[in-house]
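These notes are about the structure you will find just below.
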Amino acid sequence: MKHEAAVGGQASVVGERASVIGQRASVVGQRASDREVGLNARTTSASTQRRRSTHGSHWHAIATALGLAAIAALVVPACSEDPGAGTTGPTAATAGGGLEKCVAVGAKVEQECFAKLDLRRAVTNQQLNGAVGEKTEIQVGGVAPTGELFVDFRLRNTVSVATAAPLRIDDIWLTYAPQNPGETEDLALECFDASGQTLCSAMKGKWKKVVPPGSDLQAGSGVEEGFKIRYKQFDSKARQGRVCLRLGGTAEYAKANLCFDVVTTAGKPKIKAQPTLIDIPYVQVGKQASRELQISNLGDATLFVSKMELNLDPTFALKIGDQSYKAGAAAVFDPPMVIGAGSSQTAELMFKPTDDKKRQGEIRIFSNDSTFVGGLPVLVNANSKVPCILIKPMPTVNFGAVELGKVASQNLQVTNCGTEKLTITSFAIKAGGSNAYALDWAAVAAVEPKLTTKTGPNETAPLVLEPNGSFELPANYIPATLSVDDPSTQAKVPDVASVEVVSNASPQAIKFTGICVTKNCAEAKVSVAEGEQVVPQTVLHLKGDNSIAPGGGKIVKYLWKVTKQPEGSQQTFVPSVKTPNPTFQTNVAGEYQFCLDVWDDSIPEVKSCSPACITIIAIPSQALHVELLWKTPADVDETDKGQGVGSDIDLHFAHPLAQGPDQDCDGQADPWFSTPFDAFWFNTTPKWGSSATEEDDGRLDLDDTDGAGPENLNLNAPQGTATEPQEYAVGVHYWNDFGFGPSFVTVRVYVLGKQVVELANQQLLPVDFWFVGKINWPNEAMGGQGSVLKQCFQSGNACAAKKNPADPKGGAMWQPSGAPCITPCYLSPLANSSSAVCK
Numbered sequence: 001m002k003h004e005a006a007v008g009g010q011a012s013v014v015g016e017r018a019s020v021i022g023q024r025a026s027v028v029g030q031r032a033s034d035r036e037v038g039l040n041a042r043t044t045s046a047s048t049q050r051r052r053s054t055h056g057s058h059w060h061a062i063a064t065a066l067g068l069a070a071i072a073a074l075v076v077p078a079c080s081e082d083p084g085a086g087t088t089g090p091t092a093a094t095a096g097g098g099l100e101k102c103v104a105v106g107a108k109v110e111q112e113c114f115a116k117l118d119l120r121r122a123v124t125n126q127q128l129n130g131a132v133g134e135k136t137e138i139q140v141g142g143v144a145p146t147g148e149l150f151v152d153f154r155l156r157n158t159v160s161v162a163t164a165a166p167l168r169i170d171d172i173w174l175t176y177a178p179q180n181p182g183e184t185e186d187l188a189l190e191c192f193d194a195s196g197q198t199l200c201s202a203m204k205g206k207w208k209k210v211v212p213p214g215s216d217l218q219a220g221s222g223v224e225e226g227f228k229i230r231y232k233q234f235d236s237k238a239r240q241g242r243v244c245l246r247l248g249g250t251a252e253y254a255k256a257n258l259c260f261d262v263v264t265t266a267g268k269p270k271i272k273a274q275p276t277l278i279d280i281p282y283v284q285v286g287k288q289a290s291r292e293l294q295i296s297n298l299g300d301a302t303l304f305v306s307k308m309e310l311n312l313d314p315t316f317a318l319k320i321g322d323q324s325y326k327a328g329a330a331a332v333f334d335p336p337m338v339i340g341a342g343s344s345q346t347a348e349l350m351f352k353p354t355d356d357k358k359r360q361g362e363i364r365i366f367s368n369d370s371t372f373v374g375g376l377p378v379l380v381n382a383n384s385k386v387p388c389i390l391i392k393p394m395p396t397v398n399f400g401a402v403e404l405g406k407v408a409s410q411n412l413q414v415t416n417c418g419t420e421k422l423t424i425t426s427f428a429i430k431a432g433g434s435n436a437y438a439l440d441w442a443a444v445a446a447v448e449p450k451l452t453t454k455t456g457p458n459e460t461a462p463l464v465l466e467p468n469g470s471f472e473l474p475a476n477y478i479p480a481t482l483s484v485d486d487p488s489t490q491a492k493v494p495d496v497a498s499v500e501v502v503s504n505a506s507p508q509a510i511k512f513t514g515i516c517v518t519k520n521c522a523e524a525k526v527s528v529a530e531g532e533q534v535v536p537q538t539v540l541h542l543k544g545d546n547s548i549a550p551g552g553g554k555i556v557k558y559l560w561k562v563t564k565q566p567e568g569s570q571q572t573f574v575p576s577v578k579t580p581n582p583t584f585q586t587n588v589a590g591e592y593q594f595c596l597d598v599w600d601d602s603i604p605e606v607k608s609c610s611p612a613c614i615t616i617i618a619i620p621s622q623a624l625h626v627e628l629l630w631k632t633p634a635d636v637d638e639t640d641k642g643q644g645v646g647s648d649i650d651l652h653f654a655h656p657l658a659q660g661p662d663q664d665c666d667g668q669a670d671p672w673f674s675t676p677f678d679a680f681w682f683n684t685t686p687k688w689g690s691s692a693t694e695e696d697d698g699r700l701d702l703d704d705t706d707g708a709g710p711e712n713l714n715l716n717a718p719q720g721t722a723t724e725p726q727e728y729a730v731g732v733h734y735w736n737d738f739g740f741g742p743s744f745v746t747v748r749v750y751v752l753g754k755q756v757v758e759l760a761n762q763q764l765l766p767v768d769f770w771f772v773g774k775i776n777w778p779n780e781a782m783g784g785q786g787s788v789l790k791q792c793f794q795s796g797n798a799c800a801a802k803k804n805p806a807d808p809k810g811g812a813m814w815q816p817s818g819a820p821c822i823t824p825c826y827l828s829p830l831a832n833s834s835s836a837v838c839k
């Protein structure tokens with residue numbers, strides 16, 4: 001009984017201490033106006049009194065039932081919950097509360113036990129303790145419309161096991177005001193249990209009691225409890241809510257709710273393109289290759305891609321899903337392409353070349369990533385490592401006239417003209433042609449044992465040439481029947497066969513031709529040093545002195561003919577049609593054909609059985625090529641040369657920055673005669689673009705001053721893009737007629753080597769200026785949008801209307817339709833024009 005009395009007395013002391021603590025807590029509650037506590041001193045005091053009486057009777061019952069021996073046998077202090085803690089709901093008056101009582105083994109006294117809260121946000125590990133102004137930010141920029149994001153929080157009890165009380169979670173709630181009419185059944189911010197299935201409002205009284213790791217787990221307890229805050233996207237507005245927890249078992253939160261703010265932030269998108277350089281080493285003409293482009297969002301907000309500029313030539317296309325976009329324009333996405341945070345979108349770049357030329361360009365991706373306001377560039381290289389095969393002669397091998405039963409041979413020289421290995425898998429005469437031809441592989445097979453002398457290389461036994469490597473392949477013509485005459489031409493019908501060459505370079509085709517005769521005749525042979533495809537203004541060096549006379553004789557006479565040339569070309573052979581090796585300038589784009597007849601020194605002279613002909617194609621290599629031609633009826637010989645022997649008409653091509661006097665009276669500065677931005681005879685090589693290159697500068701390659709033309713303007717790299725298009729002005733000025741009078745002018749426009757515009761036979765009088773129009777770049781001819789040429793039309797003479805509004809000849813320029821924009825008496829600031837006609 002003595003020991004029992006002692007325990008009872010100690011319990012009384014503890015109760016008194018608890019009363020003091022309760023009084024101190026009341027004072028703290030009155031001072032803590034800046035926290036969400038709302039404590040009531042009277043309620044707290046009554047709770048403390050209940051706690052004192054309850055614990056006194058509780059320990060008295062333990063002592064009576066067990067005796068002191070049982071108490072001394074306890075291994076750890078005995079702790080109990082405080083039934084006096086507030087449990088009436090999330091109000092300030094009932095916040096927190098409930099310390100625990102323990103019996104210390106050594107001292108055998110009752111003491112208070114504590115739980116120690118550790119509240120953290122998962123992933124970020126942010127610790128929350130309810131400090132004033134405390135908040136946690138939720139990045140929601142990556143959440144799709146109507147999408148959801150759960151943020152996890154966990155509670156632990158980190159007090160020592162020896163003095164631990166369980167952490168009791170009486171209630172958790174979220175205060176939030178909806179901001180969208182759609183927030184009815186669901187809200188933008190809501191609180192759920194750890195499973196994310198049950199609202200926190202339905203969990204009151206059901207939360208686990210949290211004990212430290214190492215404690216004995218009882219029903220309804222655990223070492224961790226958690227809850228989730230769910231964000232659901234209704235719109236792009238920011239949201240803010242307040243999370244509060246009412247806890248029991250802790251000194252810190254015994255009489256105050258733990259509260260913190262939840263604030264949503266939009267975050268930022270971060271675009272990444274992979275690869276940043278798309279390299280397609282080589283694709284054969286007619287075939288197609290593709291490369292994948294991945295657009296990723298490494299940020300924490302949704303990435304919106306609004307467009308992708310395809311600054312490439314028309315041999316490229318971009319495929320996204322089932323949609324394909326032509327190069328040269330912009331792939332516009334309306335609505336924008338949506339790429340969530342951590343997600344990506346794959347596009348496919350397709351390349352189908354029309355030739356072996358190297359191509360460079362870029363794809364520029366525009367999005368809401370503010371780091372790349374001008375778009376994220378992805379560089380593109382194609383045909384950067386092109387295998388090259390060169391075969392001479394090409395594309396026609398003329399064996400000439402061969403007597404029946406004899407053999408004519410020609411050697412084919414095959415060379416690897418590139419920097420990559422050349423792999424030939426087939427080099428054979430196609431079926432269906434004349435069977436009078438054969439290829440002799442014996443010499444090549446002698447050094448390439450894997451080849452057969454009959455068929456040459458194949459897929460399993462290819463012929464590989466290193467860069468600059470070459471070999472000679474004899475080709476034989478062995479006619480078995482005489483060639484017959486064509487009734488319409490009286491010429492022999494040749495034996496024709498085709499040879500196909502297949503390799504990792506572009507496919508090649510060679511034409512074999514020859515005739516079989518009873519008696520041999522002179523054989524004309526033609527070649528051209530510059531090859532059979534050139535650019536306009538190329539001076540061709542034709543060669544005919546390899547022609548052969550039969551029986552060891554000599555060729556004594558030559559006769560050249562131009563059998564085909566483009567309209568507007570007035571060129572002739574230099575020095576004459578009778579020289580063995582004349583020159584000829586391809587001054588107009590198009591197809592030319594030259595033929596040669598020869599005679600030997602027989603008595604009488606024997607003419608070649610058939611003429612030898614060669615076809616040359618002049619194709620502009622520049623992105624933009626403008627051609628001016630004219631015919632002046634009073635000039636009977638437009639091919640003569642010299643000052644004043646023909647009309648002088650000039651081509652003008654002006655940059656958008658060009659500004660000159662307004663002589664055409666349209667109210668705008670004229671682009672003509674504006675140095676350096678007008679390219680014409682006085683300013684043939686202006687500097688327009690980058691100082692590092694001449695590719696973006698206009699260039700007048702030919703100025704004709706004595707009749708017929710042509711005059712040519714070339715621009716390799718126009719400066720316009722899909723987002724910043726450019727307009728280049730084109731004009732024609734009748735500078736000086738030298739007395740020949742009216743002339744009829746033709747303007748042609750080529751884009752990427754193809755003629756896309758022709759305005760033919762426009763009459764001009766001396767000193768007229770024809771504002772042809774403005775060339776758009778990019779345009780539909782190179783895969784962009786919009787017409788190539790915005791042609792200038794007028795309803796009448798603008799200058800006449802300016803001088804006298806009542807003049808019936810008056811009108812305005814740049815009309816939807818009408819007459820061409822021609823300004824009479826357009827005087828140049830430079831001398832030597834036909835200005836006298838304007839007086």
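Numbering (our numbering), first residue to last: 1 to 839. Note that the Cβ used here is the ideal one computed from N, Cα and C, for glycine as well.
{"query": "Own chain residues within Cβ distance below 7 Å of Gly-773, not counting five before or after", "result": "Val-730, Leu-789, Lys-790, Gln-791 and Cys-792"}
{"query": "Stretch-stretch touch, CB-based, cutoff 8 Å, three pairs: the stretch 521 to 539 with the stretch 425 to 442", "result": "no"}
{"query": "Straight-line Cα distance separating Val-757 from Thr-354", "result": "21 Å"}
{"query": "Coarse secondary structure for Glu-500, derived from DSSP in three states", "result": "strand"}
{"query": "Rounded Cβ spacing between Phe-879 and Ala-251 (contact assumed at less than 8 Å)", "result": "The first residue shown for the chain is 1 and the last is 839, placing residue 879 beyond what the model contains."}
{"query": "Contact between the stretch 153 to 169 and the stretch 116 to 123 (3+ Cβ pairs under 8 Å)", "result": "yes"}
{"query": "Residue nearest to Ala-461 in terms of C-alpha spacing, selected from Val-496, Ala-443 and Leu-451", "result": "Leu-451"}
{"query": "Nearest to Lys-406 (by Cα), restricted to the options Val-517, Pro-474, Asp-650 and Thr-302", "result": "Val-517"}
{"query": "Uninterrupted beta strand (DSSP E) stretches inside the stretch 521 to 575 (no shorter than 3 residues)", "result": "538 to 543 and 555 to 564"}
{"query": "Three-pair Cβ contact test at 8 Å for the stretch 308 to 326 versus the stretch 724 to 740", "result": "no"}
{"query": "Residue-level contact to chain B via CB, Pro-604, 8 Å cutoff", "result": "Of the chains in the structure shown, none is chain B; there is only one protein chain."}
{"query": "Residues bridged to Gly-241 [DSSP beta-bridge criterion]", "result": "Val-262"}
{"query": "Residue span of the beta strand (DSSP E) that contains Lys-307, given as start and end", "result": "303 to 311"}
{"query": "Continuous alpha helix (DSSP H) stretch holding Val-444: start and end", "result": "442 to 447"}
{"query": "DSSP bridge partner residues for Phe-114 (one or two, in chain order)", "result": "Ala-164"}
{"query": "Limits of the beta strand (DSSP E) - the one that Cys-799 falls within", "result": "Where Cys-799 is concerned, there is no enclosing beta strand (DSSP E), although the alpha helix (DSSP H) it sits in stretches over 798 to 803."}
{"query": "Residues near Asp-635 in its chain [Cβ-Cβ closer than 7 Å; skip 5 each side]", "result": "Gly-646, Ser-647, Gly-707 and Phe-740"}
{"query": "DSSP three-state assignment for Thr-849, whether helix, strand or coil", "result": "There is simply no residue 849 to check, as the chain begins at 1 and stops at 839 in what is shown."}
{"query": "Reduced DSSP category for Thr-782 - H, G, I as helix; E, B as strand; rest coil", "result": "First, the amino acid is wrong: residue 782 is Met here, not Thr. Met-782: helix per DSSP, three-state reduction."}
{"query": "Range covered by the beta strand (DSSP E) that runs through Trp-777", "result": "769 to 777"}
{"query": "Exposed unless 16 or more other CB atoms sit within 10 angstroms - verdict on Glu-472", "result": "exposed"}
{"query": "Expected contact under 8 Å - CB spacing of Ile-271 and Ile-365 to nearest Å", "result": "7 Å"}
{"query": "Spatial distance of Phe-351 from Pro-281 (CA atoms)", "result": "11 Å"}
{"query": "Alpha-carbon to alpha-carbon, Asn-398 and Ala-480", "result": "17 Å"}
{"query": "Nearest to Ile-295 (by Cα), restricted to the options Asp-313, Val-493, Val-285 and Ser-344", "result": "Ser-344"}
{"query": "Burial state of Ser-608, where buried means 16 or more other Cβ atoms lie within 10 Å", "result": "buried"}
{"query": "Candidates Val-332, Leu-463, Asp-701 and Thr-579, of which the one nearest Gln-785 by Cα", "result": "Val-332"}
{"query": "Opposing strand residues paired with Gly-456 [DSSP bridges]", "result": "Thr-452"}
{"query": "Under 8 Å between C-beta atoms of Asp-300 and Gly-141", "result": "yes"}
{"query": "8 Å CB neighbourhood of Ile-138 in its chain, flanking five on each side removed", "result": "Leu-149, Val-151, Ile-229, Tyr-231, Val-262, Val-263, Thr-264 and Thr-265"}
{"query": "N- and C-terminal bounds of the beta strand (DSSP E) containing Glu-183", "result": "It is not in any beta strand (DSSP E) - Glu-183 carries neither H nor E in the DSSP assignment."}
{"query": "Cβ shell of Ala-445 (< 7 Å), same chain only, five flanking positions each side left out", "result": "Leu-451, Thr-452 and Thr-453"}
{"query": "Close-in-space but distant-in-sequence residues of the same chain around Asp-701 (CB under 7 Å, 5 per side omitted)", "result": "Gln-537, Asn-712 and Asn-714"}
{"query": "Terminal residues of the beta strand (DSSP E) in which Asn-435 lies", "result": "Per DSSP, Asn-435 belongs to no beta strand (DSSP E) and is neither H nor E."}
{"query": "Sequence-distant residues of the same chain with beta carbon closer than 6 Å to Gly-753, five excluded per side", "result": "Ile-619 and Pro-620"}
{"query": "Within the stretch 367 to 426, ranges of the beta strand (DSSP E) (whole runs, at least 3 residues)", "result": "376 to 382, 389 to 392, 396 to 403 and 408 to 416"}
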